[in-house]
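Chemist: Protein chains in written order, with our numbering: chain A, 16 to 512; chain B, 16 to 512. Each residue gets a CB set at the ideal place from its N, CA and C atoms; glycine is no exception.
1) With 8 Å as the C-beta to C-beta threshold (strictly closer), list the residues of the segment 130 to 143 of chain A near chain B in chain order.
2) Do you know whose CA, among B:481, B:288 and B:295, lies nearest residue 336 of chain B's CA?
3) Name the chain B residues whose beta carbon is nearer than 8 Å to that of residue 62 of chain A?
4) Output needed in chain order: residues of the segment 148 to 168 of chain B with a Cβ under 8 Å from some Cβ in chain A.
5) Give the secondary structure of residue 388 of chain B by DSSP, where H, G and I count as helix, E and B as strand, and everything else as coil.
6) Pick out whichever of A:189, A:242 and A:229 has its Cα sitting closest to the Cα of residue 218 of chain B.
7) Against residue 471 of chain A, what residues of chain B qualify as contacts under a CB-to-CB distance less than 9 Å, listed in chain order?
8) Write down every uninterrupted run of the beta strand (DSSP E) in the segment 111 to 180 of chain B whose length is 3 residues or greater and which is fully enclosed by it, in chain order.
9) Determine the direct distance from the alpha carbon of residue 398 of chain B to that of residue 460 of chain A, and round the result to whole angstroms.
10) By the DSSP assignment, the beta strand (DSSP E) with residue 426 of chain B in it spans what residues?
11) Would you report the Cα separation of residue 184 of chain A and residue 195 of chain A, rounded to the nearest angstrom?
12) So residue 290 of chain A is in the alpha helix (DSSP H); what residue range does that whole segment cover?
13) Would you mind reading off the limits of the alpha helix (DSSP H) that contains residue 493 of chain A?
14) Grouping DSSP H, G and I as helix and E and B as strand, with all else coil, what is residue 202 of chain A?
15) Looking at residue 199 of chain B and residue 107 of chain B, is the spacing between their C-beta atoms short of 8 Å?
16) Taking the alpha carbon of residue 452 of chain A as the reference point, which residue from A:153, A:202, A:505 and A:62 has its own alpha carbon closest?
17) Who are the Cβ neighbours of residue 221 of chain B in its own chain at under 8 Å, not counting the five residues just before and after it?
18) Since I believe residue 62 of chain B is in contact with residue 97 of chain B (beta carbons under 8 Å), could you give me their beta-carbon distance rounded to a whole number of angstroms?
19) Quick one: give me the first and last residue of the beta strand (DSSP E) that residue 228 of chain B is part of.
20) Rank A:170, A:364 and A:236 by C-alpha distance to the C-alpha of residue 135 of chain A and give the top, closest one.
21) Output the boundary residues of the alpha helix (DSSP H) element that contains residue 255 of chain B.
22) Which of the three DSSP states is assigned to residue 416 of chain B in this structure?
23) Just confirm the distance between the C-beta atoms of residue 165 of chain A and residue 331 of chain A, as a whole number of angstroms; I'd bet it's less than 8 Å.
24) Using CA atoms only, rank isn't needed, just tell me which of B:268, B:284, B:366 and B:110 is closest to residue 306 of chain B.
25) Which residue comes first and which comes last in the beta strand (DSSP E) that contains residue 480 of chain A?
26) State buried or exposed for residue 339 of chain A, treating a residue as buried only when at least 16 other CB atoms are found within 10 Å of its CB.
27) Using the rule of at least 16 other Cβ atoms within 10 Å of the residue's Cβ for burial, across every protein chain shown, is residue 75 of chain B buried or exposed?
28) Identify every run of the beta strand (DSSP E) within the segment 279 to 331 of chain B, keeping only runs that are complete inside it and at least 3 residues long; order them along the chain.
29) Residue 42 of chain A versus chain B: which residues are under 7 Å apart at the beta carbon?
30) Going by the DSSP bridge assignment, what does residue 472 of chain B pair with across the sheet?
31) Does residue 303 of chain A come within less than 8 Å of chain B when only Cβ atoms are used?
32) What did DSSP end up calling residue 60 of chain B once you bin it into helix, strand or coil?
33) For the alpha helix (DSSP H) containing residue 242 of chain B, name the first residue and the last one.
34) Under 8 Å between C-beta atoms, does residue 119 of chain B make it to chain A?
35) Using the C-alpha atoms, what's the distance from residue 105 of chain A back to residue 227 of chain B?
36) Cutting at 7 Å between CB atoms, please list the residues of its own chain near residue 224 of chain B, excluding the five before and the five after it.
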């Protein structure tokens, strides 16, 4: 009970009580992280399970923390899909590393708003220091500054907003898109992430303001088509202003030819934004850097330490070579936020849409220091090696086939059993329809069994299973498990049909 | 050292090590929250202090967590402005309550992305449950749904994006503002928060797309001027589409006449968004509800539990009566995010710009359960009472004067010592200039002394000191301290001049 010792007193939970429950929660987390595999990866609850299990209204009187913690086990945990499970292979696999969690505890306790330098100098300067460290790790030139946002969706939105602001003579910030007669167009490949479309919608460009460029057979933007699209659009009165290239697309982790795209952007005077939200971490590895050639010429690049660098969500980094344009796009300093240090310091509120800014840099700092560059490198290499191993199994199998190259740690494949391969009475369309049904069923069945969690995409209309590796605890045994599960479910289907 | 026990092994920190350091961090936080007053509220460091104290590059090899934790004390704490200090009276005063911090620990450990229901049913459903509880506490009708974002900046941006989407026949989402010939205009008072201007810029309306309506002597939007502005704009080809009313402005916590504004919005078919980011918490108190009359007719309303409801940053809630419009404005479901439950569940990624979504609801749930509605109510009442007390001291003083009504827990005032009041040889402008200099100096000097932290605004050009009360630990002694500090610094000035 709150204030059990001092009836009627206000204030917070006592320090003693916090210590007691804090230890309990630490024990709980230590145990959880040590044994993630005792849970089904994908939660097995039915829609509405929690709404039906909790009261209809908030409690009138405070409840004992014991009861709340008991409910975490009883009511919350069954409905958690365990992103920390080493066999979580869906979407992009991530980790809340233990050092990152310790960093989050400090962020919550300090509870500062890093909007102005003076509202927490440590938060502002640690953001500058850690991003400078990260920039060096990625081998980006010194001309890149950086800022931390919550998500890549916001990082890319801010980059495109800066690009919009950078168009000469339009004055979009002042006049708006209608007032400025800004018939702007943004370019990205058909494989770009949905957050780029969403940014176009939010920023008022509309879906017509974004033009998707077709890809080659390996899902990479074709620069010659980009070139032609820009010329055609200019002829039709559009104002091309920005190209988004991706190094590590969501479906297949394909890598756009950034250097060739940078040539076009330079010639056409367009802002080049690189979406390296997932793939960017791999640039830490010298042997992977050739995939990022041209990124050093980008105007901005997003990379998410909360994806493949062991930092708990959320922490997305936007590196930008034109920080002053980003500031022009967003800066608004009302009197109540004016401070005397404005000229000598960075007030990060001026660089994005959000005034409220958590002390996110501290968890990045904890992760970088605890693991070190070598420790991070070794872990990324292991994930790349595991993906190569899994891809090799797929390639060697008569029952499965790979559907895309595997430049990073995500494998795209499908079941293509000999029985379906060999049926002569089917048209190609019938075969593909049967394969789609089969693979969707295989994936859903594997996920229901709860040992591993996979997700899917479609590539040129083909249903494709994805296995994404990125969790700290993932080892050979877990990809072996995924492979065994897939084969077991396929066998089930074969015996049933 | 990482993996000291198993050289060469990869993976995370061991469970034993996490337990050991987790306990240390819990002890640290318990001690920190119990003795916030041993620190200066406003950090006293110089710009560059941390950049100069930390290495230029990330460590190559992992470092011992002991070293990292020692650096928190030595290098981070001196640069922290202590938002948890009970004499933090600047901006809006907030608290990271201990139950909220425990909730954050779980959020970090689970590390789920609540983008889809299936990616963590517990996170999605707890969001629905806690927001339904909060809706009832604020006495908003059942027709309001809700969604959690990071900040009020984003909540208001989303509300205005939905308003933009709701304009009939324009198709802004598809065509963009230029393509749709959308000469849209948004209205708010001169006292509205800068995040509304920022939303207008981001959404492509531009600063010309927002029209500021003048206020009455108590800083409340004048509905008759809003009415006239809308008529004038329509006559000039503008398309009015949205009004933002504020219940608790940032400068003075003034409350716009929402009911009168709702009448206009109804008649003119405009979206009514209410910014109750700070003030909204007070609607939990029955005796305060008259300030919120008309909010039940809004299309959307933002309220921040991380401001005045003891939840650690960040957690902002948008309540919305037209959730389907919000979804229309933002929904994009690429194949790789398609899931079989789409129709029976809420996939919150469809309701905002951000795909990545932390498990924020859990800290709100911890706070609501531990304190209960009565516990929260009692704490808010105490803050309101403290503000009344401080306002009464100002009003009774011959040396200070109040500059705005005090409907909530924020007091606006300035020093106006008799010596300046009585000088006959000054013009009004000279007197005001002297008062501005004096008050700015008083505030800066009080802040430098480190015992309390105040911020300022300008009201009709007049430099105004603000004292905002909202921290759980703030008691009479702390507002007494602020009052003593102000008077002491004023005496210093009087003896010096």
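Modeler: Walking through what the data contain:
1) Taking 8 Å as the Cβ-Cβ cut-off against chain B, the residues of the segment 130 to 143 of chain A that qualify are 132, 133, 134, 135, 136, 137, 138, 140, 141 and 143.
2) The option with the nearest alpha carbon to residue 336 of chain B is B:288.
3) 132, 136, 356, 359 and 360
4) 148, 149, 151, 152, 165, 166, 167 and 168
5) helix
6) A:189
7) Chain B residues near residue 471 of chain A: 350, 351 and 353.
8) 160 to 164
9) 55 Å
10) 425 to 430
11) 9 Å
12) Where residue 290 of chain A is concerned, there is no enclosing alpha helix (DSSP H), although the beta strand (DSSP E) it sits in stretches over 286 to 290.
13) 491 to 511
14) strand
15) Residue 107 of chain B places its beta carbon 8 Å or farther from that of residue 199 of chain B.
16) A:505
17) 215
18) Rounded, the Cβ-Cβ distance is 19 Å, inconsistent with contact.
19) Note, residue 228 of chain B: beta strand (DSSP E), 225 to 228.
20) A:364
21) Element bounds for residue 255 of chain B: not the alpha helix (DSSP H) but the beta strand (DSSP E), 254 to 261.
22) strand
23) Contact flag correct, Cβ pair sits at about 6 Å.
24) B:268
25) 477 to 483
26) By the 10 Å Cβ count, residue 339 of chain A comes out exposed.
27) exposed
28) 286 to 290 and 315 to 318
29) 34
30) B:479
31) Taking Cβ atoms only, chain B never reaches closer than 8 Å to residue 303 of chain A, which makes this a no.
32) coil
33) Run containing residue 242 of chain B: 238 to 250, per the alpha helix (DSSP H) assignment.
34) yes
35) 48 Å
36) 199, 200, 201 and 215
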